[in-house]
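Numbering (full-length UniProt numbering), first residue to last: 1 to 930. Ideal Cβ positions, reconstructed from N, Cα and C, are used throughout, including at glycine. Owing to the predicted nature of the structure, the values given are computational and were not obtained by experimental measurement.
Next comes the structure, spelled out in structure tokens:
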């Protein structure tokens, strides 16, 4: 119930039903459970709980049906057992005020509680359990008066005159008719009769109180219309005690009925299904306990034990030992020859499905009659308390017709109603195996467990399953579930359902001896064959899921890079000219392949994330260019160079050296020109760094993002064609500043001319400062675009129409666009008593004797035809000058000197070509025509 309440939906009505379902359970356990020799919290009543659902699957109602409450426990208990929990909870958990008001004493004071001498239970806190029991009061809409009435059992609180109560417990009124006249006679009861009357009143009060609780819970969660429901049957199991009386007889009868349902719905029904479907198989013999049920409940030919019991109660009035002796004699005459019945001097033995049980005949007739005298009902109806009067609604003035119903007839009727209810549902069985009688963990009694497995019919069930077919399904449902396995059956099979099923089985090469075709169902023998189908089905769904995931990830990545390009474009927008070849370029981040460069990662913190890594050019005080590896992480900026070792065992080797590390928060600003060059200056408190990088826009966008995350402010960017940067102080001298002057020139490659403390940079015009990556949207996969839009003036278009070798080529230290990473691929991620003989395993009896008598490599996939080799097209070709790894599914990957068939040149600088049978995009400035 807790699981259902968690996984279902919300709403006030639904939440109200959930609260009742969860909080009613402690209440019913307090009033209906007790400690027995075998179980410290044994259910002493049967409960069938229906949880009702709406069409949307939300629990919006419920109903509880209770039966077989062991009300005799109220007045008597066996040794080492207790009365119902509520009595001990009330004694331990009531406040001092409640104890004084209700006259509550210690449990050894009460005759109904001190018979067994057991008051405490290990692991049970009666005081806290009492508080939990009372929690449900608000949910059931009980008032404080209702709770007081509920807990008030002493006579002076029942609203009844004490003298009148004493009178009714020691005498009774008898009505007689003579010659059409009726008269009433007051008869004084002897001690035995008075005790019986007292106990009968106590049992009736408790039983009706329990019924009231169940009805109150039902009213709190009833719904007008029943739609869908789940039923949970919670009933005490088969019972064998040192003395087994009428209550155990009734309990075990109900368990026999439930076992019969199990046989009908599993063993018998399964074998009958094979016959109906025309399946060839070897029948399995099993013990059918219907013969035991008929022994107990038959009406005629021969009459069952319950029918004989009702007849004796009607004729002998169920008084004294004489009635019980008569019952035993009549049972010997009626069913004495039955193979599942034996008699002994004080009772009889029934060979139940769980073993032989010896019943003591004493008290059978008295408990079966179960009649409350009209005097007592009339007495309760005179109570001043409305609550007490509501528990006794009988109309004593009405004419009495027929024989009053007995306890056994009520139980038989309830059991048959329960069976009818269960037969309308689809039952699922939970078989509880008790490993020991000590009620301790890690204590295993193998013989007891084996006996339970046998009498519960589990072994026969497994044998039937093994001899038969583990799986069966209607053709249409089978075809619907596995249609996805072949192209012919998915999404729709055109043909007969049986033929479609055969097609599926043949497609997976299932052996013919592993299945049989019935009239309406397919039967599969071994679970492994079914697992094959399920695995192939899951693989199909996995393939589809991966396809969807791939498309989604591609879309997310494309959207991410587009966003990054837009952000980068916004940084330079209206401030700096752009290069045509880089305006729509993918952002890769790691252009050095840092995963394969431990010599570079040694300077970073463990597991430090890399946002950007590229080989850049650094200029010193004399404007001499030096190669550096520029690495950007969320924490800082690293400049790594290389030096020759002059001393030590590694003398003469070139080693990586950390030249500079800048905390991102310490970067004051970044300066750039307004031209299309790749220079930028990082300004820091001590000195500045002049760098040149082809991927400056990507670096700046990531640097600005990390700076804003740390400082909560924007990075300062300065754009000017005259830039100054401060030098590092070295020794007694050094320091000072240097100047960069940017001038308009020709071409796309910057021409550098040092002049003392200045560096003149000349470069041609680039794209307008207002250019952004939204100018070219012709190609939709986020790589290079093929657009025929005119950009800028005709002179600009002519200047950028064909990137050639005279333009600045990428050097060997320049980006290979993550080629190292591209090659790696992505691996898929994966208590002790004087006499305890009754606790031993029972003799299995006649039922046990009858039970004893009853006693690939997956095919390889079909070879696919090899695709025909595409003929080499005739046309222009080009040779790769540099290695390139495709960054998207539509880009080519090639090595130096690979020959590519040229299909189309485009003004964007991204060409279309073919290599190794694949057609895609590649950068034109990485190749030369041949």
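Measure the Cβ-Cβ separation of residue i and residue j and say whether it is below 8 Å.
i, j, result
"residue 641", "residue 659", "yes"
"residue 473", "residue 525", "no"
"residue 608", "residue 674", "no"
"residue 942", "residue 429", "This structure cannot settle anything about residue 942, because the visible part of the chain is limited to 1 through 930."
"residue 913", "residue 901", "yes"
"residue 926", "residue 885", "no"
"residue 70", "residue 53", "no"
"residue 412", "residue 306", "yes"
"residue 292", "residue 352", "yes"
"residue 627", "residue 690", "no"
So what's residue i in DSSP terms, helix, strand or just coil?
i, result
"residue 891", "strand"
"residue 786", "Legend: pLDDT at residue 786 = 34, less than 50; position of this residue unreliable, no value from coordinates given."
"residue 875", "coil"
"residue 87", "helix"
"residue 108", "helix"
"residue 594", "helix"
"residue 743", "strand"
"residue 431", "coil"
"residue 613", "strand"
"residue 896", "coil"
"residue 539", "helix"
"residue 33", "strand"
"residue 770", "coil"
"residue 171", "strand"
"residue 70", "coil"
"residue 791", "Since pLDDT at residue 791 reaches only 33, below the 50 mark, its modelled position is unreliable, and the value read off the structure follows with that caveat. If DSSP states are grouped into helix, strand and coil, residue 791 belongs with coil."
"residue 238", "coil"
"residue 935", "The first residue shown for the chain is 1 and the last is 930, placing residue 935 beyond what the model contains."
"residue 367", "helix"
"residue 331", "helix"
"residue 113", "coil"
"residue 493", "coil"
For residue i, does the count of other Cβ atoms within 10 angstroms reach 16, so buried, or fall short, so exposed?
i, result
"residue 716", "exposed"
"residue 557", "exposed"
"residue 299", "exposed"
"residue 910", "buried"
"residue 629", "buried"
"residue 256", "buried"
"residue 896", "exposed"
"residue 217", "buried"
Would you report the Cα separation of residue i and residue j, rounded to the nearest angstrom?
i, j, result
"residue 51", "residue 61", "6 Å"
"residue 323", "residue 111", "27 Å"
"residue 200", "residue 247", "15 Å"
"residue 210", "residue 47", "12 Å"
"residue 238", "residue 252", "5 Å"
"residue 814", "residue 693", "The predicted position of residue 814 is uncertain, since its pLDDT is 37 and thus under 50; no value can be drawn from it."
"residue 638", "residue 661", "5 Å"
"residue 28", "residue 417", "22 Å"
"residue 190", "residue 169", "10 Å"
"residue 453", "residue 65", "29 Å"
"residue 903", "residue 580", "21 Å"
"residue 330", "residue 368", "16 Å"
"residue 6", "residue 227", "21 Å"
"residue 939", "residue 475", "Since the displayed the chain opens at 1 and closes at 930, residue 939 lies outside it and no answer follows."
"residue 349", "residue 531", "48 Å"
"residue 889", "residue 490", "29 Å"
"residue 362", "residue 286", "35 Å"
"residue 555", "residue 585", "17 Å"
Since residue i contacts residue j with CB under 8 Å, what's their CB separation in whole angstroms?
i, j, result
"residue 610", "residue 596", "Not a contact, Cβ separation roughly 13 Å."
"residue 729", "residue 735", "4 Å"
"residue 623", "residue 699", "Not a contact, Cβ separation roughly 21 Å."
"residue 334", "residue 374", "Contact flag wrong, Cβ pair sits at about 33 Å."
"residue 82", "residue 118", "5 Å"
"residue 755", "residue 763", "Not a contact, Cβ separation roughly 16 Å."
"residue 113", "residue 87", "6 Å"
Measuring from the CB of residue i, is there a heavy atom of the ligand NAP at a distance below 7 Å?
i, result
"residue 441", "This structure lacks the ligand NAP; in fact it carries no ligand of any kind."
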